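Residue numbers (my numbering): 28 to 513.
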């Protein structure tokens with residue numbers, strides 16, 4: 028098995044030298060021209076005479092600040108690089124001691140003399156991606172500063188404009204002449220490049236990159252036996268992504284918030300034996316997606332909230348034997364979708380709530396034999412849909428509630444034989460519909476409830492023979508309704 032831990036490739040080194048290094052060198056060279064040369068001229072933005080917004084005191088040079096730029100840039104570049112290196116080395120050591128690399132990362136053989144193991148490739152890959160993104164962020168920030176030429180709040184303090192020959196003493200004149208400044212050219216040029224902030228942009232990029240790398244957690248445990256080379260492999264992967272955008276206005280304090288949460292959990296266990304090559308695999312996948320949008324106004328405190336939740340759960344178990352190649356597969360899938368919309372007003376406190384819930388459950392079991400190729404398949408599907416609407420008024424506290432529930436269950440069993448190719452199919456379908464309406468009045472506290480239930484059951488059996496091609500089909504349908512009035 029150790030001989031399979033190598034993979035030959037003649038394109039990885041040429042691609043790295045002639046493609047990736049060329050792109051990286053061009054990015055670094057462009058960042059150098061933006062930072063240390065005057066190749067790209069700054070857009071000269073005008074200003075009004077004695078503008079109070081541009082006359083803030085000069086805070087001093089950057090080296091005298093609480094965190095000097097040199098230290099900030101070193102931290103921004105060194106911390107993610109260190110985290111990536113330590114994480115990859117730790118993961119490589121844990122996997123190497125348990126021989127997991129035989130089934131995952133392999134040693135690349137390029138030519139007859141160059142060997143690139145998994146650790147070297149992964150470290151170069153992730154650190155290179157981080158460095159490329161860091162230089163690209165610096166390029167975009169410098170391009171934004173050069174194009175906009177946004178003035179810093181202390182621009183007039185360092186510009187020290189010469190108002191001779193202008194009417195600034197008597198009129199609030201707009202000055203577009205860039206040669207009116209008498210201060211230090213270096214400081215004036217820096218004051219013309221205040222937005223976007225380079226320190227904030229690089230810090231945010233570094234923090235986001237480290238967060239994404241840390242939030243993807245992967246833990247693996249492998250045990251191998253030297254007698255039968257059986258392996259037990261447990262992998263747990265958890266990925267959590269959350270993105271929120273909030274906008275708030277100081278006049279009416281209205282807020283708009285959009286939040287998206289995605290959580291993906293995957294756990295797999297595999298057992299393999301070298302004698303009969305039988306494998307047992309258990310995989311559980313859970314994906315939860317939640318998105319909410321909220322708008323609130325401070326005048327009437329009305330709120331509109333839209334929430335969408337999607338949860339998908341999948342679990343599969345597979346057993347296969349090399350002697351008769353029989354396979355047993357059990358798959359369970361559960362998908363839950365929930366969407367709710369709520370509107371509330373502070374004047375009468377009336378609320379309208381609409382909720383839609385959809386749950387889909389599917390379970391299938393399949394057994395196949397290589398001798399007669401007979402197959403038995405059992406599939407169960409359950410779909411539940413629920414929708415409710417509620418309206419309530421604060422004056423008489425009356426409430427009207429409409430709820431609709433739909434449940435659909437389907438189960439099918441199929442048996443086929445290779446000798447006469449006869450097939451027996453049994454299908455059972457059950458659909459249950461329930462709708463209820465409730466009206467309540469606060470004066471007499473009387474309640475009227477109407478409930479309608481509908482259950483439909485359908486069962487069909489079909490038998491077909493390949494000799495006479497005769498078919499027998501039996502179908503049973505049952506429908507029941509039951510309205511209730513209280």
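All C-beta atoms, glycine included, are put in the ideal place defined by N, C-alpha and C. The structure presented is a predicted model; accordingly, all values stated were derived computationally and were not measured.
* Using a threshold of 8 Å, state whether the C-beta atoms of residue 54 and residue 162 are closer than that. => yes
Compute the Euclidean distance between the alpha carbons of residue 458 and residue 388, then round it to the nearest angstrom.
14 Å
Excluding the 5 residues preceding and the 5 following residue 160 in the sequence, name in chain order all residues of the same chain whose CB lies nearer than 8 Å to its CB.
232, 236
Quiz item: Contact check, residue 81 vs residue 178 under 8 Å by CB: the rounded distance?
Solution: 6 Å
Exercise. Measure the Cβ-Cβ separation of residue 52 and residue 166 and say whether it is below 8 Å.
Key: no
To the nearest angstrom, report how far apart residue 484 and residue 432 are at their CA atoms. 16 Å
inquiry  = When you compare the CB positions of residue 182 and residue 218, do they come within less than 8 Å of one another, or not?
reply    = yes
Measuring only the C-alpha atoms, how far is residue 95 from residue 86? 13 Å
Run through DSSP, which three-state label would residue 363 get?
strand
(Q) Please identify the residue among 38, 116, 225, 168 whose C-alpha is closest to the C-alpha of residue 149. (A) 116
**Asked** Under a three-way DSSP split, which group does residue 38 fall into?
**Response** coil
* Should residue 208 be labelled buried (16 or more other beta-carbon atoms within 10 Å of its own) or exposed? -> buried
Candidates 227, 203, 144, 111: closest to residue 158 by CA position:
111
| query | Quick one, which of 68, 49, 108, 84 has its alpha-carbon nearest residue 184's? | reply | 84
query: According to the neighbour-count rule (16 or more other Cβ atoms, all chains shown, within 10 Å of its Cβ), is residue 48 buried or exposed?
result: exposed
**Prompt:** Is it buried or exposed for residue 188, if we count other Cβ within 10 angstroms and need 16 for buried?
**Reply:** buried
Notebook entry, point to check: Count the other CB atoms within 10 Å of the CB of residue 229; is the residue buried (16 or more) or exposed (fewer)?
Noted result: buried
With burial defined as no fewer than 16 other Cβ atoms inside 10 Å of the residue's Cβ, what is the status of residue 164: buried or exposed?
buried
Consult DSSP for residue 47 and reduce its assignment to one of helix, strand or coil. helix
* Where residue 456 falls: helix, strand or coil (DSSP) -> strand
Does residue 223 have its Cβ less than 8 Å from a Cβ in chain B?
Structure shown: chain B not included; a single protein chain is present.
- Query: What span of residues does the alpha helix (DSSP H) with residue 166 cover, start to end?
  - Reply: 145-175
For residue 478, three-class secondary structure by DSSP: strand
Sequence-distant residues of the same chain with beta carbon closer than 7 Å to residue 43, five excluded per side: none
*Distance, residue 364 Cα to residue 340 Cα*: 12 Å
> Hey, residue 61 and residue 169: beta-carbon distance below 8 Å or not?
Replying inline: yes
Quiz item: Rounded to the nearest angstrom, how far is the Cβ of residue 478 from that of residue 456, given a contact under 8 Å?
Solution: Not a contact, Cβ separation roughly 23 Å.
Through-space distance from residue 186 to residue 201, alpha-carbon basis: 15 Å
State the start and end residues of the unbroken alpha helix (DSSP H) segment that holds residue 182.
182-186
For residue 63, tell me which candidate among 409, 241, 412, 213 has the shortest Cα-Cα distance. 213
- Item | Cα-Cα separation between residue 206 and residue 97, rounded to whole angstroms | 31 Å
- Task: Let me know the secondary structure DSSP gives residue 277 once reduced to three states.
- Result: Its pLDDT being 38, under 50, residue 277 is placed unreliably in this model, and the value from its coordinates should be taken loosely. Coil, per DSSP.
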